[in-house]
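Since the structure comes first, as structure tokens, the remarks are kept for the end.
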Amino acid sequence: MRQPVFIISRGITPFLTAVAVVILALAIVLFPQPVFQAALRGLRAWWEIVVPALLPFFIISQLFMGLGIVHFLGVLLEPVMRPLFNVPGSGAFVMAMGYTSGAPISAILTSQLRQQQLVTRVEGERLICFTNNASPLFMLGAVAVGMLHNPALGPALAGAHYGANLFLGVLFRFYGRRAPASPPGNHPLLSLPRRAWRAMIQAQQRDGRSLGQLLGDAVSHSFQTLITIGGFITLFSVIIQVAGMLGILDLLARLLLYAGHPLGLTPATAGALASGIFEMTMGTKFASEAPVPLGEQLTAISIIMGWAGLSVLGQVAAMTSKTDLRLGPFILARLLHGFLAAFMVQLFRGPARPVLGWLTGSHFLSPPVSWLSLGVHYTGFTLTLAALLLFLTVLGLFARLTLYRRF
Numbered sequence: 002m003r004q005p006v007f008i009i010s011r012g013i014t015p016f017l018t019a020v021a022v023v024i025l026a027l028a029i030v031l032f033p034q035p036v037f038q039a040a041l042r043g044l045r046a047w048w049e050i051v052v053p054a055l056l057p058f059f060i061i062s063q064l065f066m067g068l069g070i071v072h073f074l075g076v077l078l079e080p081v082m083r084p085l086f087n088v089p090g091s092g093a094f095v096m097a098m099g100y101t102s103g104a105p106i107s108a109i110l111t112s113q114l115r116q117q118q119l120v121t122r123v124e125g126e127r128l129i130c131f132t133n134n135a136s137p138l139f140m141l142g143a144v145a146v147g148m149l150h151n152p153a154l155g156p157a158l159a160g161a162h163y164g165a166n167l168f169l170g171v172l173f174r175f176y177g178r179r180a181p182a183s184p185p186g187n188h189p190l191l192s193l194p195r196r197a198w199r200a201m202i203q204a205q206q207r208d209g210r211s212l213g214q215l216l217g218d219a220v221s222h223s224f225q226t227l228i229t230i231g232g233f234i235t236l237f238s239v240i241i242q243v244a245g246m247l248g249i250l251d252l253l254a255r256l257l258l259y260a261g262h263p264l265g266l267t268p269a270t271a272g273a274l275a276s277g278i279f280e281m282t283m284g285t286k287f288a289s290e291a292p293v294p295l296g297e298q299l300t301a302i303s304i305i306m307g308w309a310g311l312s313v314l315g316q317v318a319a320m321t322s323k324t325d326l327r328l329g330p331f332i333l334a335r336l337l338h339g340f341l342a343a344f345m346v347q348l349f350r351g352p353a354r355p356v357l358g359w360l361t362g363s364h365f366l367s368p369p370v371s372w373l374s375l376g377v378h379y380t381g382f383t384l385t386l387a388a389l390l391l392f393l394t395v396l397g398l399f400a401r402l403t404l405y406r407r408f
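For the sequence shown, position 54 (counting from the first letter as 1) is numbered 55 according to this note's numbering, and the numbering increases by one without interruption.
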């Protein structure tokens with residue numbers, strides 16, 4: 002009885018995709034001027050914001066890979082990966098690149114590890130769930146400087162984004178815990194520096210390119226990657242425009258308004274969230290231009306960057322299409338990432354604000370003037386930390402009990 006239903010469901014998906022493409026093509030023909038303006042808006046966002054923010058870092062990341070520096074760091078982080086995230090040490094390389102270069106490079110590297118049988122399917126799904134990030138230069142440069150025009154906001158956005166994803170990494174270590182795991186490496190800690198140095202030298206020998214060729218390839222590969230990203234941004238900018246003309250964005254905004262009500266979101270930012278469902282760059286741009294208080298802007302931007310948009314999801318699906326990695330856990334992780342990052346941004350603006358202001362020297366995060374309000378802030382921060390430590394303690398006891406029952 003299940004097979005006909007499965008066949009029907011497999012037939013409906015391509016049909017709906019074909020219908021959506023036909024509707025998009027008809028909208029481009031019937032409304033050429035709005036579609037042209039949307040495409041131009043996407044190209045401007047890519048050229049004026051994304052390229053200056055990401056191109057230098059893409060080139061540096063390619064140089065790091067060619068010189069073996071990333072391999073050196075990956076070996077040193079190997080003893081950390083399995084206890085914390087339940088993935089093999091080779092996942093440290095994916096984590097290092099994902100947290101420094103942004104999406105979709107983590108999907109590319111995870112697919113390569115899976116094809117080389119260095120990770121199991123479940124380990125690959127765990128790895129891809131918490132290594133997909135917005136680029137640090139996108140948050141610090143494109144969003145904080147280019148959109149919000151305030152560099153002091155960058156540390157709060159980046160801290161919430163990375164902190165939420167690290168928490169997801171610890172949480173998803175329990176995903177598929179009964180599935181077969183890859184054999185763990187057993188190497189003494191004192192030999193790690195020597196092994197890391199050897200890995201860097203071997204990576205350079207395998208690469209075999211001169212410094213001039215490495216520079217040229219880094220620039221060429223970076224531009225190709227950025228052109229692909231620009232194509233996705235432009236396409237989804239047009240999709241956002243067409244969805245707005247068809248009333249789809251308004252419907253999504255109403256639904257998101259109810260979901261975002263506990264976070265204090267208003268209809269002005271709900272429209273930006275609806276755009277962010279499709280594309281992260283345009284969604285964050287609309288959220289930064291919304292006529293709402295700064296705190297609400299940061300909350301909406303954190304949700305959008307955590308979700309990453311259907312544009313990034315499409316890129317990840319394309320990169321993992323030749324493997325058996327499933328996208329269900331990845332989509333769930335992106336939803337959780339958005340809401341966790343939004344909560345952490347509110348935490349940074351509330352109880353943790355004096356501490357972060359003192360650490361960063363930021364006027365945005367500076368402590369309140371009143372001693373009474375400062376005491377309230379510190380009291381709330383202490384209570385929040387106590388609750389967090391209690392939660393981590395319960396989580397650790399649960400993990401220990403699970404391992405005890407298993408072994």
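Ideal Cβ positions, reconstructed from N, Cα and C, are used throughout, including at glycine.
For this session: Sort A39, L193, T121, G272 by Cα distance to A180 and report the nearest one.
Result: T121
For this session: Give the DSSP-derived three-state secondary structure of K323 in the structure shown.
Result: coil
Exercise. Can you tell me whether E79 is buried or exposed, with buried defined as 16 or more other CB within 10 angstroms of its CB?
Worked result: buried
Exercise. Roughly how many whole angstroms lie between the Cα atoms of P255 and P268?
Worked result: In the sequence as presented, Pro is not what sits at residue 255; that position holds Arg. The straight-line gap from Cα to Cα measures roughly 8 Å.
Exercise. Among V51, R178, L77, M201, which residue has its Cα nearest to the Cα of P137?
Worked result: V51
For this session: Please check the pair E126 and L326, which I expect to be a contact at CB under 8 Å, by giving their CB distance rounded to whole angstroms.
Result: 6 Å
Exercise. Which value, in whole angstroms, describes the spacing of the CA atoms of G329 and Q205?
Worked result: 37 Å
Problem set entry | Other residues of its chain near T321: CB distance less than 6 Å, five sequence neighbours each side excluded | A108, S112
Exercise. Do A309 and Q298 have their C-beta atoms closer together than 8 Å?
Worked result: no
Exercise. At a cut of 8 Å, does the segment 35-48 reach the segment 195-202 through at least three beta carbon pairs?
Worked result: no
For this session: Over the uninterrupted alpha helix (DSSP H) stretch that includes G232, give me the two end residues.
Result: 212-246
Exercise. Within the chosen definition, does the segment 210-223 reach the segment 237-244 through at least 3 CB pairs nearer than 8 Å?
Worked result: no
For this session: Please report the residue range of the alpha helix (DSSP H) in which T101 lies.
Result: 92-102
Problem set entry | C-alpha distance - A260 paired with I304, whole-angstrom precision | 11 Å
Problem set entry | Close Cβ partners of I8 (< 7 Å) along its chain, the five nearest in sequence each way excluded | Only weak support is given to the placement of I8: the predicted model assigns it a pLDDT of 45, under 50, and the question is left unresolved by the model.
Problem set entry | Cβ contact check for the segment 129-144 and the segment 54-65: 3 or more pairs under 8 Å | yes
Problem set entry | Any non-hydrogen atom of the ligand SAH within 7 Å of H72 CB | Annotation note on the ligand SAH: not contained in the displayed structure, which lists no ligands.
For this session: Measure the Cβ-Cβ separation of H162 and A135 and say whether it is below 8 Å.
Result: yes
For this session: Would you kindly report the start and end of the unbroken alpha helix (DSSP H) that includes L274?
Result: 268-279
For this session: Could you pull out every residue in the same chain whose Cβ sits closer than 7 Å to the Cβ of I129, ignoring the five residues on either side in sequence?
Result: S107, A108, T111, L326, F331
Exercise. Helix, strand or coil: how does DSSP classify Q203 here?
Worked result: helix
For this session: Take R335 and list the residues in its own chain whose beta-carbon comes closer than 6 Å to its own, dropping the five residues that flank it on each side.
Result: W308, A309
For this session: Out of P33, F16, M281, L314, state which residue places its alpha-carbon closest to the alpha-carbon of A301.
Result: M281
Exercise. Candidates L314, D218, Q347: which alpha carbon is nearest P105's?
Worked result: L314
Exercise. Taking just the CA atoms, how far does P194 sit from F279?
Worked result: 44 Å
Exercise. So, is F365 buried or exposed, given that buried needs 16 or more other C-beta atoms within 10 angstroms?
Worked result: Model confidence at F365 stands at a pLDDT of 48, short of 50, so the residue's coordinates are unreliable; what they give is reported in the following sentence. Burial call: buried.
Exercise. When burial is assigned at 16 or more other CB atoms within 10 Å of the CB, is P152 buried or exposed?
Worked result: exposed
Exercise. Are N87 and R174 touching if we call contact CB-CB under 8 Å?
Worked result: yes
Exercise. Alpha carbon to alpha carbon, how far is A165 from A342?
Worked result: 5 Å
For this session: Determine the DSSP secondary structure at N166, reduced to helix, strand or coil.
Result: helix
Problem set entry | Span separating the alpha-carbon of V81 from that of W48 | 38 Å
Exercise. What's the gap between the Cα of V23 and the Cα of I29?
Worked result: 10 Å
For this session: Quick one: measure Cβ to Cβ for F59 and S102, integer angstroms, because I've assumed they're closer than 8 Å.
Result: 7 Å
Problem set entry | Cut-off 7 Å between Cβ atoms - residues of its own chain near T226, not counting five sequence neighbours on either side | F59
Exercise. Where do the N-terminal and C-terminal ends of the alpha helix (DSSP H) with F331 fall, by residue?
Worked result: 329-350
Problem set entry | Residues near G177 in its chain [Cβ-Cβ closer than 6 Å; skip 5 each side] | V123
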